[in-house]
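So in UniProt numbering, spot 206 of the sequence shown is number 206, and the numbers just go up one at a time.
This report refers to the structure that appears directly beneath it.
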Amino acid sequence: MATQDDSGVPFSVVHDQQQFRLVELPPEILALIDSPNASNAPILSVKSQAPPTTSSAPSSKPAYAVLCTPTQTYQLRQVQTSNSVFVTKCVLTSHGDSMPVPGVSAIATCPTTLELHPVAGTAIPYLKEALPLYDMADDDMVDAAGNGNSKSKVFSDVPLSDAQCELGWRELIAFEFAGSSFKPSAVTLLKLWKSINVAALAEGINLNKQFLTEDLLKAIDDEGFPVDLFYSLLSRLATDDHVGDTTWTSIDRRVTVSFVGRTLLASESSIQDLHTSVFVESWKDILPELWRDDAKLDAIKDLYILPTSTTISIKGGSDGFGEGSKAAGSASRKWHERFARARRR
Numbered sequence: 001m002a003t004q005d006d007s008g009v010p011f012s013v014v015h016d017q018q019q020f021r022l023v024e025l026p027p028e029i030l031a032l033i034d035s036p037n038a039s040n041a042p043i044l045s046v047k048s049q050a051p052p053t054t055s056s057a058p059s060s061k062p063a064y065a066v067l068c069t070p071t072q073t074y075q076l077r078q079v080q081t082s083n084s085v086f087v088t089k090c091v092l093t094s095h096g097d098s099m100p101v102p103g104v105s106a107i108a109t110c111p112t113t114l115e116l117h118p119v120a121g122t123a124i125p126y127l128k129e130a131l132p133l134y135d136m137a138d139d140d141m142v143d144a145a146g147n148g149n150s151k152s153k154v155f156s157d158v159p160l161s162d163a164q165c166e167l168g169w170r171e172l173i174a175f176e177f178a179g180s181s182f183k184p185s186a187v188t189l190l191k192l193w194k195s196i197n198v199a200a201l202a203e204g205i206n207l208n209k210q211f212l213t214e215d216l217l218k219a220i221d222d223e224g225f226p227v228d229l230f231y232s233l234l235s236r237l238a239t240d241d242h243v244g245d246t247t248w249t250s251i252d253r254r255v256t257v258s259f260v261g262r263t264l265l266a267s268e269s270s271i272q273d274l275h276t277s278v279f280v281e282s283w284k285d286i287l288p289e290l291w292r293d294d295a296k297l298d299a300i301k302d303l304y305i306l307p308t309s310t311t312i313s314i315k316g317g318s319d320g321f322g323e324g325s326k327a328a329g330s331a332s333r334k335w336h337e338r339f340a341r342a343r344r345r
């Protein structure tokens, strides 16, 4: 052990240095750590992106590791220090028969520190990469190869906080089914929406007002849609005060009109010359009667292009949806039975 003879506090540097990494914590994380309510203290986690499975991985410079609170993400960056930084501990030192005196011993040298920088990213690119497509090709067949991963497992491989992952999950209308997690195709979403719209009309459920979610679920329970997909879609379309409410649903009219138009256009992206007027009329036909006049191109602004003066196409291919194997066609195979039941009432 090397020693320094000084009239001040004895200082020494141990030969076998320990390994430490210093982290400079921002005030937000310090506040969490110093929270007096230890029983409800949030969990901090270090996450990294899973190795890409295809060449279309969502970033050219992925963060190798991030520190996450439940709601915020911080990228870890290693910074070289300009000064010598020691980790020390108090020791008692003595020389020969002299009395031990308090001293300081350096047990580690830290030439670098880790800085935390907030990351305001979106989880959508990562989730698109991780989630297989769920495509209801027709009324009886489903094209879906599961990944065997639960929602929590998918989130654990996304280098963002759970809150940011949850926002992306909701935007994609992702769902769990049969031990896997999926993102639905535009065709599947369009079929589900058509079933919901027709069932609501047949069963007397007013989509302009708050309604019992279970009543609508029962009305489409013979259509073969995964229950979690149904709840995911309603959560995506719900007003802010009903997001996460599985008992009652209140649909946001503006959000829903835009969603239906975007989904319809994405599901028909294989049509080369889709006439704008035909598209708008089809859009109106799958909205509640009181919402028909809301079907205007302004409602899907920045989501479409006009290849010619009379045709329309989805901007950027499929707008984040998988197109699916074929056009959606009819919403379900038992519309006429629902209307028959409604008429008998």
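C-beta: ideal position from N, C-alpha, C; glycine also.
If you're wondering where the values come from, they're calculated on a predicted model, not measured in any experiment.
Using the C-alpha atoms, what's the distance from residue j back to residue i?
{"i": "I196", "j": "F230", "result": "9 Å"}
{"i": "D294", "j": "V257", "result": "7 Å"}
{"i": "Y304", "j": "L127", "result": "23 Å"}
{"i": "A145", "j": "L76", "result": "35 Å"}
{"i": "R345", "j": "D222", "result": "Residue placement at R345 is flagged as unreliable, the pLDDT there being 39, under the threshold of 50; a coordinate-derived value is accordingly withheld."}
{"i": "F225", "j": "L192", "result": "7 Å"}
{"i": "I29", "j": "S150", "result": "29 Å"}
{"i": "G324", "j": "I43", "result": "Any reading at G324 needs caution, since the residue's pLDDT is 47, under 50, leaving its predicted position unreliable; the model's value is listed next. Taking the straight line joining both Cα atoms gives about 39 Å."}
{"i": "L189", "j": "L264", "result": "9 Å"}
{"i": "K194", "j": "V66", "result": "41 Å"}
{"i": "P307", "j": "D273", "result": "9 Å"}
{"i": "residue 358", "j": "I124", "result": "Outside the displayed range of the chain (1 to 345) lies residue 358, so it cannot be described from this structure."}
{"i": "Q19", "j": "C165", "result": "33 Å"}
{"i": "P10", "j": "M99", "result": "13 Å"}
{"i": "K209", "j": "D240", "result": "14 Å"}
{"i": "D319", "j": "G168", "result": "For D319, the predicted model reports a pLDDT of 47, less than 50, meaning its position is unreliable and no value from the coordinates is stated."}
{"i": "S242", "j": "L22", "result": "The amino acid occupying residue 242 in the given sequence is His; Ser does not appear at that position. Approximately 43 Å between the Cα atoms of the pair."}
{"i": "D157", "j": "T310", "result": "44 Å"}
{"i": "S262", "j": "A31", "result": "Position check: residue 262 holds Arg in this sequence, whereas Ser was assumed. The straight-line gap from Cα to Cα measures roughly 42 Å."}
{"i": "K296", "j": "A199", "result": "24 Å"}
{"i": "H275", "j": "L133", "result": "28 Å"}
{"i": "G96", "j": "G8", "result": "19 Å"}
{"i": "E281", "j": "N37", "result": "57 Å"}
{"i": "G316", "j": "F279", "result": "18 Å"}
{"i": "A202", "j": "T247", "result": "21 Å"}
{"i": "S56", "j": "M141", "result": "Reliability of the predicted coordinates at S56 is poor, the pLDDT of 48 falling under 50, and the value obtained from them is presented with this limitation in mind. Cα to Cα, S56 sits roughly 28 Å from M141."}
{"i": "A41", "j": "K301", "result": "43 Å"}
{"i": "I33", "j": "K153", "result": "26 Å"}
Just tell me which of the options has its CA closest to the CA of residue i.
{"i": "K284", "options": "R292, S277, V278", "result": "R292"}
{"i": "A186", "options": "M136, G316, K209, A163", "result": "M136"}
{"i": "G103", "options": "V14, N208, L216", "result": "V14"}
{"i": "F182", "options": "G244, A31, A130", "result": "A130"}
{"i": "A299", "options": "I286, C165, F259", "result": "F259"}
{"i": "S84", "options": "A106, L116, L290", "result": "A106"}
{"i": "V79", "options": "L290, P111, S232, T69", "result": "P111"}
{"i": "T213", "options": "A202, D245, V46", "result": "D245"}
{"i": "R254", "options": "E281, A178, L290", "result": "L290"}
{"i": "P70", "options": "Q17, S152, D162, A200", "result": "D162"}
{"i": "K86", "options": "W248, Q17, T249", "result": "Residue identity differs from the one stated: residue 86 is Phe in this sequence, not Lys. It is Q17 whose Cα lies nearest to the Cα of F86."}
{"i": "G179", "options": "V154, S152, G204, G148", "result": "G148"}
{"i": "G121", "options": "C90, Y74, M141", "result": "Y74"}
{"i": "V91", "options": "S12, D302, M141, W248", "result": "S12"}
{"i": "F155", "options": "E203, D215, K47, T247", "result": "K47"}
With residue i and residue j assumed to form a contact (beta carbons below 8 Å), what rounded beta-carbon distance in angstroms separates them?
{"i": "S313", "j": "S269", "result": "7 Å"}
{"i": "T113", "j": "E24", "result": "6 Å"}
{"i": "L217", "j": "P288", "result": "In fact, because the Cβ distance is near 18 Å, the residues do not count as touching under 8 Å."}
{"i": "V101", "j": "T88", "result": "Actually they do not touch by this definition, with Cβ atoms about 16 Å apart."}
{"i": "A238", "j": "D252", "result": "6 Å"}
{"i": "Q72", "j": "P118", "result": "7 Å"}
{"i": "P26", "j": "L116", "result": "6 Å"}
{"i": "I286", "j": "L233", "result": "Actually they do not touch by this definition, with Cβ atoms about 14 Å apart."}
{"i": "E176", "j": "D228", "result": "5 Å"}
{"i": "I205", "j": "F211", "result": "5 Å"}
{"i": "C68", "j": "S45", "result": "5 Å"}
{"i": "R170", "j": "S235", "result": "6 Å"}
Which runs of the alpha helix (DSSP H), 4 residues or longer, sit entirely within the stretch 274-323?
Correct list: 276-285.
Extract the residue ranges of the beta strand (DSSP E) inside the stretch 153-206, only unbroken runs of 3 or more that lie entirely within it.
List check, beta strand (DSSP E) in window: 175-177, 180-184.
Minimum length 4: unbroken alpha helix (DSSP H) runs contained in the stretch 209-247:
Listed in chain order, the alpha helix (DSSP H) elements of length 4 or more contained wholly in the stretch 209-247 are 213-219, 227-237.
What alpha helix (DSSP H) runs, 4 residues minimum, are completely inside the stretch 120-153?
Within the stretch 120-153, the runs of alpha helix (DSSP H) at least 4 residues long that lie entirely inside it are, in chain order, 124-130.
Any chance you could list the alpha helix (DSSP H) runs of at least 4 consecutive residues sitting entirely within the stretch 77-107, in chain order?
Uninterrupted alpha helix (DSSP H) stretches at least 4 residues long and entirely within the stretch 77-107 do not occur.
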